[in-house]
Each structure stands twice: as structure tokens, then as C-alpha cells.
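Right, one structure below, let's go through it.
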Amino acid sequence: MARSTQTETRSQQHPPQPHHLVPTSLVFSGPGAPPTQPPLLLIPHQHQYAQIPFPKPMNGSESISIHPENGTMKDQDAIKLFIGQIPRNLEEKDLKPLFEQFGKIHELTVLKDRYTGMHKGCAFLTYCARESAIKAQNALHEQKTLPGMTRPIQVKPADSESRGGRDRKLFVGMLNKQQTEEDVYRLFEPYGVIEECTVLRGPDGNSKGCAFVKYSTHAEAQSAISALHGSQTMPGASSSLVVKFADTDKERTIRRMQQMVGQFGIFNPAVALPFGTYSTYAHALMQQQAAIMAASHGSYLTPSVAFPATQIHQMGALNINGLPPTPMTPVSGLSSPPANITTSAVPSIVTPIVNSFTGIPHHQPNGHPAVEAVYTNGLPTYSTHSPTAADTLQQAFTGVQQYTAIYPATTLTPIGQTLPQPPQVIQQQQREGPEGCNLFIYHLPQEFGDNELMQMFLPFGTVISSKVFMDRATNQSKCFGFVSFDNPASAQAAIQAMNGFQIGMKRLKVQLKRPKDASRPY
DNA sequence: TCAAATT
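So the first sequence is numbered by UniProt numbering: it starts at 1 and just counts up by one.
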């Protein structure tokens, strides 16, 4: 299929221009008004080709619909636009002037998180007239950058207006980092009409060696896979070209989870499950776990760096039952929100984490003592020093214990079913377990005593002994200790889960204790 | 080597 000569001019021959920042007023007017462009199919911009065809008008039907609230009417063939890269402090009323220049607005809705109400940084916009949408897209899409944003505004038909495109979107891997959108376009062009071609880049603008290519049809995408996947090895690439369908949203979520697992060194059977059998419920667990981990990093990492904002807010939005928490008031009294986190976005992360813990049943269905007793019991008191790292730490461990203590089994307990019984605490003197049941733990937090150590490992089974070694002279922890389980499987599970568990700048070392009599060869 | 976001 021949492309227009227009396309030929889209090469990335010049270094990316800095994006123009719109001034305080979002309304373009006078000399700064958006340039009038012919209705285009291919919009040039920094890192992306975006050929965005509008859905065809319904044949001959010119019926109208009336907005229930503002009474505006829209054409039957109106296009719902997705607006992206909106600063989170802009609401509908702030955005209206910007978009009204292109026509009367039928509906403009800023997307909010359903639980937290948090602005998602994007919106849907429907004009009364189809033509207005086309004008707005041509004038704004990738053309302007709203104040505070680093990337240009997105104005394009919402996914709902077409099929979303997931079934015709390809991921291209093993490109070399010098290849531009233009190069990728050339490569994929023979197999169909390309609607979008994006090379993924890091913050520095350097290619990540992969790209997305969206064809107009699934069949075209499929033929590109057949023709190109593995067909060649780009100079400098470590293996042959990868061409496959891009991840679905679900897969992306899973991928992010896996990254979190990698990042935080968590492994918990109950949480690992969603990789096989994905469920919202499991997702909620994972999200929470990640939130907890984020809290434990509070003093070292900017949470917004660790997680996309949407994720952070989702984390807080679900309690352990996978349901939205009803009250937003802390009830547990376990800990106060970390005082060290002062970024405005952050309290909303931390508070819900604490809140969400209230979703834990106070009594087991089987009549055993409350799970809460297990994890509240003997938690360190940090009230004498500033509630910073230690406080978040406390939350972190408390949280880990909650999950694993409530769901220690390798299968998720369906909601409403009897929960597995938490492992019994057998208080003891220094008891050593059988071979393979005794762990050596290093890099413990200074504040951890025997009890905290036990708390940390209870989720993995019955702890028959826990001992933190103390310096006799100073009565300070030596930051290592021993934990014994009653069976080797628990010990192994604990190693899996906790070895490498990051606390502040350090990672726990969790390994089998060397048997006393295991004489080393030399 | 899988995006920032799609009610």
C-alpha cells in the first residue's frame, strides 16, 4: 500500500525540539493560536507517529442525543476523545476553556479513581459536533504541553471508539538503540497500514531498544509477525528481532507485579498465584503488599518513583478482602502514619495501608484467637524516637505478617470460606529445631528483639525459637539472630520469602544455620 | 525488551 508523500517528510532528522509550554492561560488566542492544519492522518511529533483515523460516521444517520445535565446535543457520529497528559490539578472547569475553542462541548469528564477520587491525569471529551473533535485533535494532540507536564497533551479517539487496538498492536523487541520511529516504520510498512509507531525511550530520550507498532487490522499485524519475527538480528542487538502482540492490560499489570516482586525480593506463595490464576482478589493482595513495601522504603525512596501514581492509589483502595474499605479512619491503632513522608501525594498512600488492615477479621471462624493478637503482640514500640524509618518498618513487617499469617496456605482462600488457622506460637527457651529447620538471619534492624524476629517469621510456620544476639556490654542487638521452625518446609519458605528482603539500605540475609557438628573439610 | 493514562 502506497503511503502519501506526507509520510516521507516525517523522518527524525532533527534532534527533538523542547516542547512548548503553554502559559498560565490554557486558552490559545491571538498569534499563539493553534496553527490551522489540514485534517491529517499522520501527526509528526517527537517520538511517535500517530495516524489516528476517526471512526466512520454512521451511514446517513443524523440523529442526536441530549446530555442529561447540560442539555447539549451531540451528533450521532460524534467522537469521544481521550485526553491525556493533564496536570492533576486541573478539573473540568479548568480544561473547558482550552477545548471550547474548537466547538461546543457535549461532555467533559476528568477521570478519577473510583475509590480515592484521585485525578488520573486524563479525561474524556465529547464535542457536540464531530468536526470539533477532529479540529481539537489536529490542533492539540502532541502539539502542546500543559504546565507541569513533561510530555505533550494527548487528544485522540478513546479506546471505546474503536476496538482499543490491542489486537493489532505489536511489541517489537531487539531493535538497536539507534533505530528511530522512521526506521521501524520502514521495516513494518510493507505488511499493512501503520496507525502508530513508537520507539520506547527512557527519560533521557534514549531508545530502550523496543517499540510499539499498531496496524489497522489484526491480520496485518499477524502478517508482520510471520514475516519479521526472528527474521534478522539488528547490529548490536543480542538476539534476533522480536515481533509479537503487545501485552494486554492484564499482562501489563502482571508484569508490573513481577517487577515489584523483583524489586522488593518478596516471594509469597499466596501472592505468587495470580501469575497463574489472575484474580482481582489476588491483585488486591499484591497491590497491598507492594504498598507496604513502599511504606517500608519511605525514607529512602520517593514513592512516586517506585510506583506509578495510579498504582499507589489503587493499593490503598482495596482492603484484604479485595473490597473498598468503608471507613477511611484508622481503627487498628497499630501505628501512626510515617511522619517522614511529607510529599503531598504520599499520605494518601500510607494512610489507606493502615486503614486497609482493618479489613482483617478479629476472630477466626474457627474460634481461634484473633489474628490481630498474633501481629500486634510484642511489636516494637518506637515512641521514644522519631517515628520515621522504624515506624514504616513496623508497618511493613506487620503487613507482611498479616498476609502470610492469614493466608499461609499455598492456595488462596475464597472469600467467605474458613481461613486457615494461623501458625501456633509456642513460646520457649532456646530450642533448636531439627536439621534444616534452623535459620541464621543477618542484617536485622537494630530495634528488633526476639519477639520481632519471631513475628517476622511466624507467617511461614510454627516458630519454636527465635533469638536475636545482643552485645553484652552495650545491650544492643548485634543485628543477627536465629529462628527455628518445627519443619524444614517452613524454613525453606522463610528463606524464599525473606532472604534479600530489603529494609532501608540493607537486605536481610536468611539462610540455614550451619549445623554445629558439620565440620568443614579444612 | 512491554508506555502515562481509557469511566
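Beta carbons: idealized from backbone N, C-alpha and C, even for Gly.
For Q154, the enclosing beta strand (DSSP E) stretches over residues Q154 to P157. If you look at Y127, you'll find it in the beta strand (DSSP E) that goes H119 to Y127.
In this structure S466 touches D450 by the C-beta definition: roughly 5 angstroms separates them, less than 8 angstroms. The beta-carbon separation of D77 and R130, rounded to 5 angstroms, stays under the 8 angstroms limit for a contact.
C479 and M454 have their C-alpha atoms spaced approximately 14 angstroms apart. The C-alpha of K250 lies about 47 angstroms from the C-alpha of R431.
In the three-state reduction of the DSSP assignment, D77 falls in the coil class, being assigned neither a helical nor a strand state. Contact check for I503 and P445: beta-carbon distance about 6 angstroms, within the 8 angstroms limit, so the pair qualifies. With a cutoff of 8 angstroms on beta-carbon distance, Q85 and I153 are scored as near each other. Sequence-distant partners of Q476 (beyond 5 residues in either direction) whose C-beta falls short of 8 angstroms from its own C-beta, in its chain, are Q446 and M470.
The beta carbon of A221 sits closer than 6 angstroms to those of R168, L170 and Y215, all from its chain and outside the five residues before and after it, given in chain order.
For M454, DSSP records no beta bridge to any residue.
Assigned with DSSP and collapsed to three states, I464 falls in strand.
With a cut-off of 8 angstroms on Cβ pairs, the segment 101-112 is not in contact with the segment 179-197, counting fewer than three such pairs.
Counting the other CB atoms within 10 Å of its CB gives D75 a total of 16 or more, which places it among the buried residues.
The beta carbon of M498 sits closer than 6 angstroms to the beta carbons of L508 and V510 from its chain, once the five residues preceding and following it are set aside; these are given in chain order. When the five nearest sequence neighbours on each side are left out, the beta carbons in the same chain lying within less than 8 angstroms of the beta carbon of G192 are those of M1, Y215, S216, T217, A219, E220, A221, S223 and A224, in order along the chain. Going by C-alpha positions, Q101 is about 37 angstroms away from F188. Excluding five sequence positions before and after T126, the CB atoms of its chain that fall closer than 8 angstroms to its own CB belong to K74, A78, I79, K80, L81, I105, H106, E107, L108 and A133, given in chain order. I83 and V199 do not touch by the CB rule: their CB atoms are close to 23 angstroms apart, not below 8 angstroms. Using a Cβ distance threshold of 8 angstroms, I464 and G433 count as a contacting pair. Judged by DSSP secondary structure, A211 falls within the beta strand (DSSP E) whose first and last residues are S207 to Y215. Here Q232 is exposed: its Cβ has fewer than 16 other Cβ atoms, across all protein chains shown, within 10 Å. DSSP places Y442 inside the beta strand (DSSP E), whose first and last residues are N438 to Y442.
Put simply, the backbone Cα of A158 is about 18 angstroms away from that of Q143.
Judged by DSSP secondary structure, R201 falls within the beta strand (DSSP E) whose first and last residues are I194 to R201. E92 has its alpha-carbon roughly 40 angstroms from the corresponding atom of V243. The continuous stretches of alpha helix (DSSP H) do not include H229, and DSSP gives it neither H nor E.
Within the same chain, and ignoring the five residues on either side of G209 in sequence, the residues whose Cβ sits closer than 6 angstroms to its Cβ are L175 and K177. Distances from the alpha-carbon of A491 to those of R472, L512 and H229 put L512 closest.
In this structure, V468 is the residue among G461, V468, E452 and T462 with its C-alpha nearest to the C-alpha of F440.
With respect to the 8 angstroms criterion, R166 and A246 are classified as neighbours on the basis of their beta carbons. In the DSSP annotation of this structure, the continuous segment of the alpha helix (DSSP H) that includes I134 starts and ends at R130 to L140.
For E100, the secondary structure class from DSSP, reduced to helix, strand or coil, is helix. In this chain, Q178 is not harboured by any alpha helix (DSSP H), its DSSP state being neither H nor E.
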